[in-house]
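Those letters in the sequence shown? Residues 12 to 149, per our numbering, in order.
Following: one structure in structure tokens, then a few remarks.
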Amino acid sequence: MHLNPYSIPPILCGLWNILLGILALRKDPKSKVHQSFAILCFSFAMWLSFYGVLYNLGAENQWVQFWFRISYCGIIYISPSFARYIYEFIDYKHRVLMNTINNIIAVILIFLVLNSNHIVAGLREFYWGPYPAAGKFH
Numbered sequence: 012m013h014l015n016p017y018s019i020p021p022i023l024c025g026l027w028n029i030l031l032g033i034l035a036l037r038k039d040p041k042s043k044v045h046q047s048f049a050i051l052c053f054s055f056a057m058w059l060s061f062y063g064v065l066y067n068l069g070a071e072n073q074w075v076q077f078w079f080r081i082s083y084c085g086i087i088y089i090s091p092s093f094a095r096y097i098y099e100f101i102d103y104k105h106r107v108l109m110n111t112i113n114n115i116i117a118v119i120l121i122f123l124v125l126n127s128n129h130i131v132a133g134l135r136e137f138y139w140g141p142y143p144a145a146g147k148f149h
């Protein structure tokens, strides 16, 4: 394995998001706004960190597609975690219902990512490394 220079920015951004999430939780661990911001940061970190590491591996590696699918779960959870953060920030009165709906949709999409080729349909090789190929529902 060699260090792909294209993997450095996503890895650094992923680590930065982990740090931001931890700082938000340390500032006020009981605050729903801080908790939801940390969840958002961790979703970004999961996506960026995994992608950055996987850019260093070849598409022929049998585990690469599996780990891209796992990291795609972080991508799927960005939208509901961003909505959760906004609902908490503005103190939206229907936030529990909306968060429940968003999380149910995210779980359905995560199930599709992990168990079918409808969203992620294999890998493509690019000059920066392997990258998930879009499925028909992407």
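C-beta atoms are modelled at their ideal positions from N, C-alpha and C, and glycine is treated no differently.
Every value quoted in this text rests on a predicted model; they were computed, and no experiment measured them.
_Strictly by DSSP, which residues pair up with P141?_
E136
*Among all the DSSP beta bridges, which residues are the ones paired with V131?*
A145
*First through last residue of the alpha helix (DSSP H) which encompasses P20*: P20: member of the alpha helix (DSSP H) spanning I19 to K38, first to last residue.
*Which class does H45 belong to by DSSP, given the choice of helix, strand or coil?*
Looking at H45 - three-state DSSP - the assignment turns out to be helix.
*Buried or exposed (CB count within 10 angstroms, at least 16 for buried), N28*: buried
*Could you tell me how far apart the beta carbons of A49 and A35 are, in whole angstroms, since I believe they sit closer than 8 Å?*
5 Å
*asked:* Tell me which residue opens and which closes the alpha helix (DSSP H) that E99 is part of.
replied: I89 to I101
*Could you give the DSSP three-state label for I58: helix, strand or coil?*
Note that residue 58 is Trp in the sequence shown, not Ile. Residue state, collapsed to three classes: helix.
*Is the segment 109-117 touching the segment 71-90, taking contact as three or more C-beta pairs under 8 Å?*
yes
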